[in-house]
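Numbering (the working numbering), first residue to last: 9 to 245.
All C-beta atoms in this analysis are idealised placements derived from N, C-alpha and C, irrespective of residue type, glycine included.
Written out as structure tokens, the structure is:
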């Protein structure tokens with residue numbers, strides 16, 4: 009009966025393909041067969057800190073990580089940003105929460121080695137300010153982290169940290185302005201959960217300012233090792 013109801017719901021409210029945004033073909037899949045190869049994975053060589061693709065194999069760090077100290081230990085991203093920018097925009101702003109099942113499945117498969125090596129106690133989605141959460145209706149990072157938690161078995165804690173400052177849109181700011189914009193943006197809400205190692209979950213890594221700001225608060229709370237996973241990232245230089 010449950011299987012029948014799930015099939016009926018799929019026919020009535022078909023899952024949208026995260027690439028073309030049409031109803032997925034075949035209907036039970038997470039992505040259309042012809043769209044499966046469109047999202048481009050971040051290929052090695054990687055920056056040893058943030059995971060950006062590097063143009064030259066002999067380099068260990070991208071120019072940003074070589075010249076700036078980040079507060080997290082290390083991170084990885086699954087897709088090249090240009091190949092999934094439209095998809096992520098729909099996921100964030102047009103209610104396509106069903107994309108998260110595909111994203112998480114690809115992350116759990118493609119980044120499995122990194123995830124296991126982290127030996128994390130928890131997944132921590134980057135929180136939205138309450139005004140944005142009210143307007144959007146959901147936090148895309150939390151939706152993604154919930155799906156990833158179900159696949160990896162790593163607990164997800166969405167309420168340990170909150171965004172207390174409504175910051176300016178990050179896309180319009182320089183790297184220095186991003187850091188200043190986020191200095192007092194986050195605050196730990198609960199100190200009753202003691203964690204040693206966490207993985208911060210977000211949709212896009214640009215300069216690392218958001219990940220650093222969240223990391224700063226968790227380091228103050230005593231977390232020893234902090235990693236991150238994002239859906240997408242740009243190229244390093």
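With distances taken Cα to Cα, identify the nearest neighbour of residue i among the options.
i, options, result
"residue 149", "39, 224, 63, 96", "96"
"residue 66", "195, 53, 43, 223", "53"
"residue 200", "168, 43, 208", "168"
"residue 102", "194, 146, 207", "146"
"residue 202", "190, 165, 217, 218", "165"
"residue 86", "197, 173, 77, 61", "61"
"residue 244", "88, 236, 78", "88"
"residue 49", "142, 173, 119", "119"
"residue 24", "115, 63, 108, 69", "108"
"residue 160", "142, 174, 131", "131"
"residue 191", "215, 220, 40", "220"
"residue 57", "78, 63, 100, 64", "78"
"residue 225", "214, 172, 111, 215", "172"
"residue 98", "63, 230, 144", "144"
"residue 114", "156, 93, 106", "156"
"residue 214", "93, 121, 106", "93"
In whole angstroms, what separates the C-alpha of residue i from that of residue j?
i, j, result
"residue 238", "residue 47", "14 Å"
"residue 71", "residue 37", "39 Å"
"residue 232", "residue 83", "15 Å"
"residue 240", "residue 193", "23 Å"
"residue 152", "residue 117", "14 Å"
"residue 28", "residue 44", "10 Å"
"residue 104", "residue 217", "26 Å"
"residue 227", "residue 21", "43 Å"
"residue 205", "residue 30", "39 Å"
"residue 261", "residue 42", "Residue numbering for the chain in the displayed model covers 9 to 245; residue 261 lies beyond these limits and cannot be assessed."
"residue 195", "residue 174", "13 Å"
"residue 158", "residue 74", "35 Å"
"residue 14", "residue 35", "Note on residue 14: pLDDT 48, under 50, position unreliable in the model; the coordinate value appears next. The alpha-carbon atoms of residue 14 and residue 35 are separated by roughly 12 Å."
"residue 163", "residue 59", "24 Å"
"residue 9", "residue 26", "Its pLDDT being 48, under 50, residue 9 is placed unreliably by the model, and the measurement read from it follows with that caveat. Those two C-alpha atoms are separated by around 28 Å."
"residue 40", "residue 222", "35 Å"
"residue 76", "residue 142", "34 Å"
"residue 236", "residue 111", "15 Å"
"residue 55", "residue 242", "11 Å"
"residue 51", "residue 91", "13 Å"
"residue 69", "residue 230", "27 Å"
Assuming residue i contacts residue j (C-beta within less than 8 Å), just tell me the rounded distance between them.
i, j, result
"residue 80", "residue 234", "5 Å"
"residue 207", "residue 133", "That pair is no contact at about 10 Å."
"residue 170", "residue 197", "5 Å"
Entirely enclosed alpha helix (DSSP H) segments - the region 124-176, minimum 4 residues = 138-144, 148-160
Inter-stretch contact at 8 Å, needing at least 3 Cβ pairs: the region 135-143 / the region 111-126 | no
Every unbroken beta strand (DSSP E) inside the region 59-132 [3 residues or more] = 82-88
Kindly provide the ranges of any beta strand (DSSP E) runs that are 3 or more residues long and lie completely inside the region 185-221, ordered along the chain.
-> 194-196, 205-213
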